[in-house]
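Below: the structure, in structure tokens.
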């Protein structure tokens, strides 16, 4: 099953607009960038992102850069482990926001046809030290009653940063799987467990989370203490449109026994159920050793506004510091772009 073509239009109609500070309105194309141009009009360019990625020397110690001209790219992209860093920049009207993005990479694979979650992803990023800017990444397979996993991104390496990116899917939109990852000023759209993973410490800064049916946002999957930690900070949670009923979404549920998810300093609408959090299921709740917490959230769906949260959830006395997730020297890390923080 796939979304209708009107789904892309809905993204441009998202009601809540984050508080971006304007900076460079259009990115400068690096002199040494590999160019992707769907029209093929630019000499020396590639018509697909995958072809551009495959042109990179995986053993080179020189930093890599790819620039994508405006267009819709219907493809699945695999980024193999690279020895050096990689920046992928999409054409945009405004680098400070996802709203001006002009590049969409889209595919429609689900677990019905492949053996694991990673292979459903529109972009499979297996390389350390990568940064993405201003690209819309979408899996438009939609909903199915069985084997419905359909990823937009499979982020399977450490030191990855995503800035001004739109992630659009239904189930398991973002697999934040490995190492340290940062998502800033992005749009994240889905319904079921659409931020999930097992071995990642992920920080989500000023992201807009949108859902369009009954479901769950985060599914943390740590099988040992400290394996998986997700913190959503200074962000918004809301329905994608007015057809989504109130109280229909949960902030998260524990995929495995040691889940860890915190929402803090965020605006939460009434799309979130008053309980806030859900067990994994009746047979395997996974709540005893998991951490589900909130701090300083506002809005009609914030803790305590319409009733108590689930008994296994808690309210923190102070916010989780980013250093706890990304490390004390995170600002010095190459993949961290502090202009988006």
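Numbering (full-length UniProt numbering), first residue to last: 1 to 341. Ideal Cβ placement from N, Cα and C applies to all residues, glycine included. This one's a predicted model, so the numbers in the text were calculated from it and none came from an experiment.
| Item | Value |
| --- | --- |
| Cα-Cα separation between residue 199 and residue 255, rounded to whole angstroms | 12 Å |
| 9 Å Cβ cutoff met for residue 279 and residue 253 | yes |
| Beta-ladder partner(s) of residue 174, from DSSP | 153, 195 |
| Bridge partner(s) assigned by DSSP for residue 200 | 179 |
| C-alpha distance - residue 68 paired with residue 129, whole-angstrom precision | 19 Å |
| Separation of residue 92 from residue 124, as counted between CA atoms | 22 Å |
| Beta-carbon separation (whole angstroms), residue 304 vs residue 272, contact threshold 8 Å | So it is not a contact: roughly 12 Å between Cβ atoms. |
| Classification of residue 251 by the beta-carbon crowding that lies within 10 angstroms, buried from 16 upward | buried |
| Residue 103 vs residue 71 beta-carbon contact at 9 Å | yes |
| Check whether residue 220 and residue 259 have beta carbons under 9 Å apart | yes |
| Contact set for residue 347: own chain, Cβ-Cβ below 6 Å, skip 5 residues either direction | Lying outside 1 to 341, the shown extent of the chain, residue 347 is not represented and no answer is given. |
| Residue 77 vs residue 119 beta-carbon contact at 9 Å | no |
| Distance between beta carbons of residue 262 and residue 336, contact taken as under 8 Å | Going by Cβ atoms, the distance from residue 336 to residue 262 rounds to 19 Å, so no, they are not a contact pair. |
| Residue 248 and residue 214 closer than 9 Å at C-beta | yes |
| With 16 other Cβ atoms within 10 Å as the buried cut-off, status of residue 403 | One cannot answer for residue 403 here, as it falls past the ends of the chain, which runs 1 to 341. |
| Beta-carbon contacts of residue 56 that lie in its chain and below 6 Å, excluding the five residues immediately before and after | 64 |
| Own chain, CB closer than 7 Å to residue 60, minus 5 neighbours either side, in chain order | 83, 84 |
| Pairwise C-alpha distance: residue 110 and residue 149 | 6 Å |
| First through last residue of the beta strand (DSSP E) which encompasses residue 50 | No beta strand (DSSP E) contains residue 50, which is instead part of the alpha helix (DSSP H) from 49-54. |
| Per DSSP, the bridge partner or partners of residue 86 | 64, 130 |
| Residue 160 versus 176, 168, 146, residue with shortest Cα-Cα distance | 176 |
| Identity of the residue in 267, 306, 32 nearest residue 275 by Cα | 306 |
| Local conformation of residue 332 per DSSP, three classes | helix |
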